[in-house]
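Here's the structure, in structure tokens; my notes come after.
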Amino acid sequence: MDDPNQTGASQGRSKKVRIELEFEDLPDVKTVEVEKADIDAVITVARSVAGFEDAHVFERDSDEVLGGIGDRRAIILLVHRCRHIAVEFHYEHETKKHSFSPAATILRVLQWAVGKHGFKLDDNTAAKANLILHGSEQPLPKDAMLGRYAKHPACAVTLDLTLKDFTNG
121 MDDPNQTGAS
131 QGRSKKVRIE
141 LEFEDLPDVK
151 TVEVEKADID
161 AVITVARSVA
171 GFEDAHVFER
181 DSDEVLGGIG
191 DRRAIILLVH
201 RCRHIAVEFH
211 YEHETKKHSF
221 SPAATILRVL
231 QWAVGKHGFK
241 LDDNTAAKAN
251 LILHGSEQPL
261 PKDAMLGRYA
271 KHPACAVTLD
281 LTLKDFTNG
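For the sequence shown, my numbering gives the first residue as 121, with consecutive numbering after it.
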């Protein structure tokens, strides 16, 4: 039922959802507004970018492709041509491998790497851990999505787990 205290403009706004679309390794973020229930419009916009006509659309930090928008005002999506990203982790003299959704955040990937399935670091050591691209010096932002660092068709990335302190630059 409509809220009688809302104006026509605010009622119209409440039926729209703001979508932020990130594309694989492209630097730009595309922002659009669509009707809340119109997932087809979201998919159409996502696949309208050249080279992404058959891409998968994921909600941020979701393992599955987008199935719906729900009752939200805003959503962040990743458009990626890979369904999974194969990650090879290096820490000291060990290597571990695991696959993730392209939309997995670096924080979730890091938690796997330091946890019981990864390198099994104790809590104090794990708190200092960061992931960097193999051969790089800077830590990956923990809120970034993994797929931003892995291109199609390789659908893979190599990451180093480091305990280096990055707090002072």
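Where a beta carbon is used, it is the ideal one built from N, C-alpha and C, also for glycine.
- Cβ-Cβ distances below 6 Å link D191 to nothing in the same chain once the five nearest sequence neighbours on each side are left out.
- The DSSP assignment places 250-253, 276-282 as complete runs of the beta strand (DSSP E) inside the region 235-288, in order along the chain (cut-off: 3 residues).
- Setting aside the 5 residues that flank it on each side, E155 is surrounded in the same chain by K135, K136, V137, A161, each with a C-beta closer than 8 Å to its C-beta; the list follows chain order.
- Taken atom to atom, the span from the alpha-carbon of L227 to that of D263 is near 6 Å.
- One thing to note: H204 has its Cβ within 8 Å of the Cβ of S219.
- When C-beta atoms of the region 140-150 are compared with those of the region 266-278, three or more pairs fall below 8 Å, so the two segments count as touching.
- Looking only at L198, V149, Y211, H237, the smallest Cα-Cα distance to L253 is reached by Y211.
- Ranked by Cα distance from I189, the first of H213, E208, A206, I163 is I163.
- Shortest Cα-Cα distance from I196 to any of A206, R180, F209, V229 involves R180.
- Taken atom to atom, the span from the alpha-carbon of E173 to that of G187 is near 18 Å.
- In the three-state reduction of the DSSP assignment, I195 falls in the strand class.
- The region 153-195 is shown to contain whole alpha helix (DSSP H) runs of 4 or more residues at 159-166, in chain order.
- For S256, the closest C-alpha among the options V177, L279, R193 is that of L279.
- DSSP places T215 inside the beta strand (DSSP E), whose first and last residues are 214-220.
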